[in-house]
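This report refers to the structure that appears directly beneath it.
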Amino acid sequence: MSNTLLSIQGLTRRFGGLLAVSDVSATIAKGELVGLIGPNGAGKTTLFNLITGFTPPSDGTVTFDGQDVTGRKPWQIARMGMGRTFQNLRVFPNMTVFDNVSVGAVGAFGQSPWRALVNGGAHSRAVSERSWEALERVGLTAQAGDIAANLSYGKRKYLEIARALATAPRLLILDEPAAGLNDTETAELADFIRRLHAGGVTVLLVEHDMGLVMGSCSRVIVLASGRKIADGTPEAVQRDPAVLEAYLGVEDDAA
Amino acid sequence: MDVNVPDARLMPDTLAPPAAFSGRGRRFAWTFLLLAVAFGAVPAAIVGTGSSYLAQIAITTMIFVILSASLNHVTGTAGLLSIGHAAFYGIGAYAAALLSTKLGLPFVVTLPAAGLIAALFGFLVALPTMRLVSIYFAVATLGIGEMIYVVLLNWVDVTRGPMGIRGIPPIELFGWQADTLLSRYLAVAVIAVACVWVLHRLTHSYYGNALRALREDDQCADSMGINVERLKIESFVVATFFAGIAGALLAHTSAYIAPDNFRFMESILILAMVVVGGLGSLPGAVVGALFMIVLPEALRDIGDYRMIAVGATMFLSILLLPKGMLAEGTALGFVRRSFSRGWATIAGGTPVGWK
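Protein chains in written order, with the numbering used here: chain L, 1 to 255; chain Z, 1001 to 1355.
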């Protein structure tokens, strides 16, 4: 077995005449912290949806942990160990913080009505403990009993991460976690992600915030107009003329 | 934010599962109180007054408790708005009525059979409609409900159409016949309590959390590893099963059923019970059923004005208590605390999780 956790080959997605993602191939090894960046409309979200099973690819394959998962349903892929957060904060608003996180754990352990009726004690305890651990990791145990909708924006971000962690992911995909955060909060988040990674979680960070990606990731993949235009260390990517033209160059002009 | 504290373990003392959880006494207090009302106070009142009217209201209330609690399971907890619940109630009633009058099957067979047949129909309806969302699903259940009503009304060879089915035998268990008012009530109450208990275990658990997650955001639940489609079908099947049980109880306690018992208005009445009680709240569904059955009867003295009074009360209750008489959040906390279903108690005495 190789050290590859996620491998995508020739991934393509057409929406009518629009080629949203075109022939993208990449791999992520176990233990990596990889950034995926690209200007608006580059196809980041589509690629994200192709990997997590929300959108079926027009062409190409997704291999996760040695298994071809192309065309599988999101819950099946999630149960194999791919946890995610959402760009536009999707906590379960009317549920408590603890109950939100428990859904991730229930997803991982499986759910059955029979267990709720008879002999479910051990299963429930495992879900409870896993949920509590996830809340400890993001520092939200004091809010465990609060309704999620009442949390501050920043704390809801951490709640989403805790919920994803409760699925015990082998790959954690964070979709623009820094969106809507100020500089201090972004720095805290970067620190948190680095510690998560140091603790053994493989992370794919889909981001807009260049500082967060360049400062945290060991490798960066750059997407522009649906194609992969660069893949390397942050330093190499930042010097890459194709990247400068497609992404950073635009920013220079704007500034 | 305290996430910068390395390995922040917040107040480990506040987590005390489950040894420091002292809800046991109170759990028995509430369980005892509820059982004392259902099997002590109400039977005493029925015997004391000898009133068949009172017994009939008590029986109807219990049947609607099952209907309201089961609709709450699919609509309140899992978030699938069904406005055809009465149709499955009707399927259960007709199944029990036909199995007992035509085939002579005993109550121990017709009761579960009514539930299973209604659940089978529920499953067949759920299969193609589960991909529909919100209002589209509601319209589909409305259509199915009307369709079933029209079949009950017009398939005269089997259902006797608008004449209904007469002479349905009373509840009978291994030779013991529930032929007095009291025994009829007691039999219905035992079954209703059992139904509510099952729904309580299903809702107040991590399985229930998965159902609530569907309602909140099913795509998101999907990406947490929750098999959304299976759960939706399960919740609908469970709800229609209990609607069928309620139908069998109606058939065997009233001896006569007709299609009019299962019209669209009944579905709306059950839905109103759930909403007034509190969407997603099982105690609320029970209270809602009590309220909507008992209030019109209690207001009989004011004659024709009573339905106006009932309507106004509903209107005001939803205006003043939009989350219902017993809102979901309150109800879940109450069940965790007073029925000792919570996993642990955190600082401030808030119980979290499920056992």
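C-beta atoms are modelled at their ideal positions from N, C-alpha and C, and glycine is treated no differently.
Check: Per-residue burial, Met1292 of chain Z [other beta carbons within 10 Å of its own, 16 or more giving buried]; Outcome: buried
Check: Length of the line joining the Cα atoms of Thr1313 of chain Z and Thr45 of chain L; Outcome: 49 Å
Check: Length of the line joining the Cα atoms of Ala1114 of chain Z and Tyr1094 of chain Z; Outcome: 8 Å
Check: Min CB distance Ile1233 of chain Z to chain L below 9 Å; Outcome: no
Check: Those runs of the beta strand (DSSP E) which lie wholly inside the segment 67-122 of chain L and span at least 3 residues; Outcome: 82-84
Check: 8 Å Cβ shell around Ile1226 of chain Z - same chain, five flanking residues per side excluded; Outcome: Ala1210, Ala1213 and Leu1214
Check: Contact the segment 1217-1234 of chain Z vs the segment 74-92 of chain L: 3+ CB pairs below 8 Å; Outcome: yes
Check: Three-state secondary structure (DSSP) of Phe1339 of chain Z; Outcome: coil
Check: For Lys228 of chain L, three-class secondary structure by DSSP; Outcome: strand
Check: Continuous alpha helix (DSSP H) stretch holding Pro39 of chain L: start and end; Outcome: Neither: Pro39 of chain L is in no alpha helix (DSSP H) and is coded neither H nor E.
Check: Interface flag, Gly1023 of chain Z vs chain L, CB-CB below 9 Å; Outcome: Note that Gly1023 of chain Z scores a pLDDT of 48, beneath 50, so its modelled location is shaky and nothing firm can be said.
Check: Inter-stretch contact at 8 Å, needing at least 3 Cβ pairs: the segment 1284-1298 of chain Z / the segment 1335-1347 of chain Z; Outcome: no
Check: Proximal chain L residues relative to Trp1176 of chain Z, where beta-carbon distance stays under 9 Å; Outcome: By Cβ distance, chain L contributes nothing, its closest Cβ being about 27 Å from Trp1176 of chain Z, past 9 Å.
Check: Cβ pair His999 of chain Z, Phe1339 of chain Z closer than 9 Å; Outcome: Here chain Z comprises residues numbered 1001 to 1355, so residue 999 of chain Z is not present and cannot be evaluated.
Check: Three-state secondary structure (DSSP) of Asp59 of chain L; Outcome: strand
Check: Whether Ala29 of chain L touches Thr4 of chain L by CB criterion (9 Å); Outcome: yes
Check: Range covered by the alpha helix (DSSP H) that runs through Glu1234 of chain Z; Outcome: Val1228 to Ser1254
Check: Inter-stretch contact at 8 Å, needing at least 3 Cβ pairs: the segment 179-192 of chain L / the segment 1242-1251 of chain Z; Outcome: no
Check: Partners in chain L for Leu1202 of chain Z, counting only beta-carbon separations shorter than 8 Å; Outcome: Pro113, Ala116 and Leu117
Check: For Leu19 of chain L, the three-state DSSP class (helix, strand or coil); Outcome: strand
Check: Exposure of Trp1343 of chain Z, with buried meaning 16 or more beta-carbon neighbours within 10 Å; Outcome: buried
Check: Range covered by the beta strand (DSSP E) that runs through Ile1191 of chain Z; Outcome: First-last for Ile1191 of chain Z: Leu1181 to Thr1203, but that is the alpha helix (DSSP H), not the beta strand (DSSP E).
Check: Uninterrupted alpha helix (DSSP H) stretches inside the segment 1024-1089 of chain Z (no shorter than 4 residues); Outcome: 1024-1036, 1042-1049 and 1052-1071
Check: Test item: CB-CB of Met82 of chain L and Thr52 of chain L under 9 Å; Outcome: yes
Check: Segment limits, alpha helix (DSSP H) that includes Pro1106 of chain Z; Outcome: No alpha helix (DSSP H) holds Pro1106 of chain Z; DSSP gives it neither H nor E.
Check: Whether Ala1221 of chain Z touches Val103 of chain L by CB criterion (9 Å); Outcome: yes
Check: contact_flag[the segment 1139-1150 of chain Z, the segment 1271-1281 of chain Z] where n(CB pairs < 8 Å) is 3 or more; Outcome: no
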